[in-house]
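Novice: Chains as they are written, first to last, in this note's numbering: chain A, 53 to 337; chain B, 13 to 121.
Glycine included, every Cβ here is placed at the ideal spot set by N, Cα and C.
Structure incoming, see below.
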């Protein structure tokens, strides 16, 4: 190619980028391991009242082709390394009762269907619990073992393992009945502007998804892929850590990882993605 | 993942003679560059996979020298032509002298 032609092409590109700050999500399909079909677009739930348009979309559709392809094959998905490690942990007996996860639950496949319903009201105390709380409840009260840190590597691996056996199943959280007050609280947090930048979740993920915030392509902020493997940390990122990162970026003091506020937010945001497939561990930038 | 080094390879079980097949390998490894400092300001010693090889029935398929800028969990994907049934052997050499190995059989029919 001649230098003049390249210059012309570059100038044309600049015009395109200046003229449009919108980069739509791609039109692509995802079948993991040539086996697990992932629903990337689902009819928007009624409670959104059209806030996200007719469809809700997986964050996978907003990522680059190279990033998307890594999630197509478990062999290439580095999040599956943590899942493999967690399979070993699943079978390791610990605590005063000398029990492992497998002692009660047999294989991790028995957890199929758990991830789509999380977070969920614990019928024993009526509180809304995230998966991390159920895991630690098992550890403390059934195994007699030390609880794991909410955001510890071991916990992230275990939540990824439990998510992975539900891949392809639709997000299906309960938002009425005893869960309703938590859902309302989560919604309140979602639409509250925080921090010196005075940004709510909705300002980015509802009003501006598809556009760029600096170099980052904003998605709808769906949670069906969590925990996700992120290339920028070369590790699994828990949902609450992602919440914390977003709120920190508004220059606010975030709620704590594992706080009741974040569990309520987790429920509300999950409900915005009803019908999307569980992807965890998904692969993102 | 410091103590959790685990090689994984994917080789087709069968191929036809002369076919170029795709081999995929991934090893879980921290690939500590030796350029970072810990919270006390001390250099974290370099610890990387510095050498990767793949051989087929003793013949070299690929031989790679790795440098510190290569990311965590190095992944290699490459092609090989298989003239006959045999065994692929893979080795990863660590800075500390450890050698991690994997092998896979392939049938040409």
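#1: Kindly list, in the order they appear in chain A, the residues whose Cβ is closer than 9 Å to that of residue 36/B.
#2: Taking only the alpha-carbon atoms, compute the straight-line gap between residue 351/A and residue 259/A and give it to the nearest angstrom.
#3: According to the neighbour-count rule (16 or more other Cβ atoms, all chains shown, within 10 Å of its Cβ), is residue 277/A buried or exposed?
#4: Express the C-alpha separation of residue 92/A and residue 329/A in angstroms, rounding to a whole number.
#5: Can you pull the chain B neighbours of residue 211/A, defined as C-beta to C-beta under 8 Å?
#6: When you compare the CB of residue 133/A with every CB in chain B, is at least one pair closer than 8 Å?
#7: By how many angstroms is the C-alpha of residue 332/A removed from the C-alpha of residue 265/A?
#8: Kindly give me the distance between the Cβ atoms of residue 149/A and residue 194/A, rounded to whole angstroms, as I take these residues to be in contact under 8 Å.
#9: Within a Cβ cutoff of 6 Å, which residues of the same chain sit near residue 13/B, ignoring the five residues on either side of it in sequence?
#10: Report the rounded CA-to-CA distance for residue 81/B versus residue 106/B, giving the unit in angstroms.
#11: Please work out which residues of its chain come closer than 6 Å, Cβ to Cβ, to residue 183/A, disregarding the five sequence neighbours upstream and downstream, and give them in chain order.
#12: Pull the bridge partners of residue 98/B from the DSSP assignment, please.
#13: How many Å lie between residue 250/A and residue 100/B at the Cα?
#14: Is residue 112/B close to chain A, meaning its C-beta is less than 8 Å from at least one C-beta of that chain?
#15: Can you say whether residue 325/A is buried or exposed, counting buried as having 16 or more other CB atoms within 10 angstroms of its CB?
#16: Between the alpha carbons of residue 180/A and residue 240/A, how many angstroms are there, rounded?
#17: Residues in its own chain within less than 6 Å of residue 126/A by CB, not counting five upstream and five downstream?
#18: Just the C-alpha distance for residue 304/A and residue 128/A, rounded to the nearest angstrom, thanks.
#19: Alpha carbon to alpha carbon, how far is residue 205/A from residue 279/A?
#20: Taking the C-alpha atoms as reference points, what is the distance between residue 97/B and residue 87/A?
#21: When the Cα of residue 286/A is compared with those of 323/A, 322/A, 335/A, which residue comes out closest?
#22: Can you tell which of 74/B, 76/B, 24/B, 45/B has its C-alpha closest to the C-alpha of residue 55/B?
#23: Quick check on the DSSP output: the beta strand (DSSP E) that includes residue 280/A runs from which residue to which?
#24: How about residue 26/B: is its C-beta nearer than 8 Å to some C-beta of chain A?
#25: Measuring CB to CB, does residue 242/A end up less than 8 Å from residue 321/A?
#26: Among 58/B, 90/B, 62/B, 119/B, which one has its Cα closest to the Cα of residue 73/B?
#27: Excluding the 5 residues preceding and the 5 following residue 113/B in the sequence, name in chain order all residues of the same chain whose CB lies nearer than 6 Å to its CB.
Specialist: Looking at the coordinates:
#1: 125, 127, 128
#2: In this structure chain A extends from 53 to 337, so residue 351/A is not present and cannot be described.
#3: buried
#4: 7 Å
#5: Those within 8 Å of residue 211/A in chain B number zero; the least Cβ separation is about 17 Å.
#6: yes
#7: 25 Å
#8: 7 Å
#9: Reliability of the predicted coordinates at residue 13/B is poor, the pLDDT of 40 falling under 50, and no value is obtained from them.
#10: 15 Å
#11: 170, 211
#12: 118/B
#13: 58 Å
#14: no
#15: buried
#16: 16 Å
#17: 85, 132
#18: 36 Å
#19: 11 Å
#20: 29 Å
#21: 335/A
#22: 45/B
#23: 280-282
#24: no
#25: yes
#26: 90/B
#27: 103
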